[in-house]
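Going by full-length UniProt numbering, the sequence shown opens with residue 1, and the numbers climb by one from there. In this text, a Cβ means the ideal position worked out from N, Cα and C, and glycines have one as well. Since the model is a prediction, treat every value here as computed from it, not as a measurement.
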Amino acid sequence: MNDGADLRELTALVAIVSHRSFRKAADGLGLSPSTLSHMMRALERDMGVRLLNRTTRSVAPTEAGERLVSRLEPLLRDIDAALAEVDNFRNLPAGTLRINTSEIAARLLLKSTLPVFLRRFPQVSLDLVTEGRLVDIVAEGFDAGIRLGEAMPQDMVAVRFGGETRFIAVASPAYLATRQVPRVPDDLKDHSCIRFRLPSGKPYRWEFEKHGQEISIDVPGMLTLDHMELMAEAAVDGLGIAYISDRSAQSCIERGTLVTVLDDWCPPIPGLFLYYPGHRLVPPALRAFIDVLKETG
Numbered sequence: 001m002n003d004g005a006d007l008r009e010l011t012a013l014v015a016i017v018s019h020r021s022f023r024k025a026a027d028g029l030g031l032s033p034s035t036l037s038h039m040m041r042a043l044e045r046d047m048g049v050r051l052l053n054r055t056t057r058s059v060a061p062t063e064a065g066e067r068l069v070s071r072l073e074p075l076l077r078d079i080d081a082a083l084a085e086v087d088n089f090r091n092l093p094a095g096t097l098r099i100n101t102s103e104i105a106a107r108l109l110l111k112s113t114l115p116v117f118l119r120r121f122p123q124v125s126l127d128l129v130t131e132g133r134l135v136d137i138v139a140e141g142f143d144a145g146i147r148l149g150e151a152m153p154q155d156m157v158a159v160r161f162g163g164e165t166r167f168i169a170v171a172s173p174a175y176l177a178t179r180q181v182p183r184v185p186d187d188l189k190d191h192s193c194i195r196f197r198l199p200s201g202k203p204y205r206w207e208f209e210k211h212g213q214e215i216s217i218d219v220p221g222m223l224t225l226d227h228m229e230l231m232a233e234a235a236v237d238g239l240g241i242a243y244i245s246d247r248s249a250q251s252c253i254e255r256g257t258l259v260t261v262l263d264d265w266c267p268p269i270p271g272l273f274l275y276y277p278g279h280r281l282v283p284p285a286l287r288a289f290i291d292v293l294k295e296t297g
C-alpha cells in the first residue's frame, strides 16, 4: 500500500464516491462531514494527486479518483468477506478442537458426549489424543485436557464430569479359591500383585484409605503392566490381584470373572475433569464441547 494512504481513508473515499455526498458517507461511517473532509484533504496531500472535485452542492471523483475507487471496491469487498469468515470462527463452533486425555476417559466420552457433540457440530473436527503421560497442554498445542482431579494442574479452569470414581483391588474367583482373601492392605504382601508402571517408568504404589487412615504400599508381584485393560485381563486369567479403576473392571465384575477385595479400603474420589487455561479466550468449539459434556456427562 502507498505510504501516504491507510485503509480507513481509502474506505472513506469509496463511501464518498458511492454516495456522491460527504454528509451521507459520513452518516454511514459514523463520522462528522468535517472529519471526513479533513481525511480526504490529508489523503490527497499524502498521495500528491487530486481525487475529488468538490462544489458547495456536490462531489464527484476526478479521473484519478474514479480509477482508484474502481480498483478499491472489489478489494474492500474481499476484505469484508475475509473478516466475516473469521468472525464466524469467533461466534460459531468450527475448526479443530484438540483434547489430550487418558484412554479410560476417551472410552467414557465415546459412549456419551462425542456422538452428541459430533452430530450437533459437524463443522468441528475433534482431535482426541490419548496417552498415559500428563502433558503441558499449552506447550503442546491442545485446547484442553482431561484427567483425574488429583492429576490435574492447579492453575487451570476445571469442569467436572462423569461422577465419582474408585480405584479397586480385584482378583478372579479362581485365584482367591487357593489363597486367603486379604482383609487389610498389609495382607497384599503375601499375594501376587499385578503392578502398574507409571509413564515416568516408576511402579505405582497402591493407595488405600479407611476412616482417615491412609496407606501407600509398594506391592510385590512378578508382572508389571502399563495398561489397565490388560491388568484386568491378567487378573481374570488368575495371574494375581490388580488395582484398577472401577470403570476398567466393571464389565468383568458384572460377568463374575472378577471380584473385589479390600472394598472398604477403596473410597470414591472426585473423578474426571476437563481443564483448560483460564488466561485465554475460550474457543467457541471448546465452549460448545463443555456445554455438551455438562449435558451428557
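Selection from the options that minimises the alpha carbon distance to residue i
i: Leu176; options: Ser70, Ala242, Phe289; result: Ala242
i: Ala96; options: Leu148, Ile16, Ser125, Met231; result: Ala is not the amino acid found at residue 96; the sequence shown has Thr there. It is Ser125 whose Cα lies nearest to the Cα of Thr96.
i: Leu92; options: Cys266, Arg287, Arg50; result: Arg287
i: His191; options: Thr178, Pro203, Ile16, Gly201; result: Thr178
i: Asp127; options: Arg147, Val135, Ala106; result: Ala106
i: Ala232; options: Ile253, Gly221, Asp264; result: Ile253
i: Leu109; options: Leu83, Arg147, Pro74; result: Arg147
i: Gly221; options: Gly240, Val17, Gly28, Trp206; result: Gly240
i: Ser37; options: Asp46, Ile16, Gly28; result: Ile16
i: Gln213; options: Asp264, Lys111, Leu281, Arg119; result: Asp264
i: Phe289; options: Glu63, Asp80, Phe117; result: Phe117
i: Leu72; options: Ser34, Arg255, Arg183, Leu7; result: Leu7
Cutoff 8 Å; reference residue i; Cβ partners in own chain excluding five residues on either side
i: Leu76; result: Leu10, Thr11, Val14
i: Ser172; result: Ala235, Val236, Asp237, Gly238, Thr257, Leu258, Val259
i: Thr55; result: none
i: Gly149; result: Ala158, Arg160, Ile269, Pro270, Gly271, Leu272, Phe273
i: Pro185; result: Trp206, Phe208, Ile215, Ile217, Leu262, Trp265
i: Gly28; result: Ala15, His19
i: Thr35; result: Ala26
C-beta contact flag for residue i and residue j at 9 Å
i: Val261; j: Val138; result: no
i: Val49; j: Pro61; result: no
i: Gly145; j: Thr113; result: no
i: Ser58; j: Arg23; result: no
i: Asp155; j: Gly30; result: no
i: Phe121; j: Ala285; result: yes
i: Ala26; j: Ser32; result: yes
i: Ala94; j: Gln123; result: yes
i: Lys210; j: Pro267; result: yes
i: Glu103; j: Glu229; result: yes
i: Asp143; j: Tyr276; result: yes
Cutoff 6 Å; reference residue i; Cβ partners in own chain excluding five residues on either side
i: Gly65; result: Leu51, Leu52
i: Met1; result: Since pLDDT at Met1 reaches only 48, below the 50 mark, its modelled position is unreliable, and the value read off the structure follows with that caveat. Here the set comprises nothing.
i: Met39; result: Glu9, Ala12
i: Asp291; result: none
i: Arg133; result: Pro199
i: Ala42; result: none
i: Glu131; result: none
Same chain, Cβ closer than 7 Å to residue i, five either side skipped, listed in chain order
i: Asp246; result: Thr165, Arg166, Ile168
i: Gly141; result: Arg98
i: Val181; result: Val261
i: Ala174; result: Gly238
i: Glu44; result: Arg50, Leu51
i: Gly297; result: Ser112, Thr113, Phe161, Gly162
i: Leu293; result: Thr113, Val159, Phe161, Leu274
Exercise for the section: Could you tell me whether the stretch 179-198 touches the stretch 220-235, using the rule of 3 or more Cβ pairs below 8 Å? Expected result: yes
Handout entry: Segments of 3+ residues assigned as beta strand (DSSP E) that fall wholly inside the stretch 124-186
Key = 124-130, 144-148, 156-161, 167-171
Exercise for the section: Specify whether the stretch 148-167 and the stretch 272-279 touch according to this definition: at least 3 beta carbon pairs, one from each stretch, less than 8 Å apart. Expected result: yes
Practice task
Output the residue ranges of the alpha helix (DSSP H) runs that lie fully inside the stretch 200-236 and measure 4 residues or longer, sorted by chain position.
Solution key: 228-236
Practice task
Spell out a yes or no on whether the stretch 181-191 and the stretch 214-223 are touching, meaning 3 or more CB-CB pairs, one atom from each, closer than 8 Å.
Solution key: yes
Problem - Runs of beta strand (DSSP E) lying entirely within the UniProt domain "HTH lysR-type" (1-62), each at least 3 residues, in chain order - result: 52-54, 59-61
Problem - Completely contained beta strand (DSSP E) runs for the stretch 257-296, where each covers 3 or more residues - result: 259-261, 272-277
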